[in-house]
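A quick write-up on the structure given underneath.
Numbering (our numbering), first residue to last: 1248 to 1586.
Structural data, given as structure tokens:
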């Protein structure tokens, strides 16, 4: 209400008003300071998000791989050349191409831009950092930068943040399942705030984590996840695919989500791999929830003593079996790959 003309504010009233204003300013300043120094900046985290990223194929499943560049050429062109060479080996373009980045390395990069522009689905593996630094807001700048750059890509992508989080050797980085989920929610909240709706969020532990019963505790919830994923290998011997993936896929059936096999592979084992690949294809055809799969074509150094020889290149019979899968109607419903 306006003050009546001719009245004079009492000195005590002015002092009280000034004191109140000072208190308000002090409180506001204290909140800003606390958000900056004592706690994370607020992020709006929803319990459920609209589906984002690529929609699963109506028929069959996307077929693709991660292809390790030969000769250690990890330049962007080297990675592009590796994928192009692999396309040639299977007589046409892969539907889904994998790329990987550590936590602090910017993405998407040339390989993602190149193949996304061709209509392929890029599945980006984003490495982690300590979850407490994410929860505390210390990584917000990194997260916002990634969200803005992925949004600029303008193409649907799958993003698997901190895959294989259930591995025991990652406990120091991950902390507890509760901490992992809190970090996931903060990352997803920031991406949502930045409008990066072209991202499909893939939650991707190991199949061993399901066999051991530890992986489900890390699940952020159906409202947080667009695709359910797992990495699984027939190692050290070519175990039947149902033994490798069975427990995981049984769990996945209770969630109305498409499944992507984020990594899979087997060693040559005296020529047994070709038959394993054929049996794997037969098995996946009986799993209609699986809508994408990516072979891990890399000879992976597990430790100083152990190398896991998953690459198909240099093994004609195994590559032939893989090419047969790539060209089969279930994994190639649009005929992109032709003999």
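C-beta atoms are modelled at their ideal positions from N, C-alpha and C, and glycine is treated no differently. Here the structure is a predicted model, which means the values were calculated and not measured.
Buried versus exposed call for residue i [16 or more other C-beta atoms within 10 Å across all chains shown]
i	result
residue 1416	exposed
residue 1372	buried
residue 1388	exposed
residue 1275	With a pLDDT of 36 at residue 1275, under the threshold of 50, the modelled position of that residue is not reliable, and the figure given next carries that caveat. With fewer than 16 other Cβ atoms within 10 Å, it is exposed.
residue 1462	buried
residue 1566	buried
residue 1363	buried
residue 1324	exposed
residue 1546	exposed
residue 1433	buried
Nearest-angstrom beta carbon gap, residue j and residue i [assumed within contact, 8 Å]
i	j	result
residue 1304	residue 1538	6 Å
residue 1414	residue 1453	6 Å
residue 1384	residue 1409	The Cβ separation is near 17 Å, so there is no contact.
residue 1476	residue 1449	4 Å
residue 1396	residue 1353	6 Å
residue 1513	residue 1482	7 Å
Residue of the options minimising C-alpha distance to residue i
i	options	result
residue 1581	1333, 1342, 1373 and 1511	1342
residue 1446	1455, 1426, 1585 and 1473	1473
residue 1297	1510, 1317, 1440 and 1534	1440
residue 1399	1360, 1525, 1480 and 1569	1360
residue 1427	1346, 1471 and 1513	1471
residue 1467	1480, 1369, 1451 and 1457	1451
Endpoints, the alpha helix (DSSP H) within which residue i is located
i	result
residue 1569	1563 to 1574
residue 1406	Premise fails: residue 1406 lies in the beta strand (DSSP E), 1404 to 1408, not in any alpha helix (DSSP H).
residue 1496	1488 to 1499
residue 1484	Segment: none, residue 1484 is in no alpha helix (DSSP H) and carries neither H nor E.
residue 1530	1520 to 1532
Run of the beta strand (DSSP E) containing residue i, from where it starts to where it stops
i	result
residue 1539	1537 to 1544
residue 1506	1506 to 1513
residue 1350	Where residue 1350 is concerned, there is no enclosing beta strand (DSSP E), given that its DSSP letter is neither H nor E.
Per DSSP, cross-strand counterpart(s) of residue i
i	result
residue 1344	1312 and 1369
residue 1556	1546
residue 1477	1508
residue 1453	1478
Test: residue i CB closer than 8 Å to a CB of chain D
i	result
residue 1455	Here chain D cannot be found, since the structure has a single protein chain.
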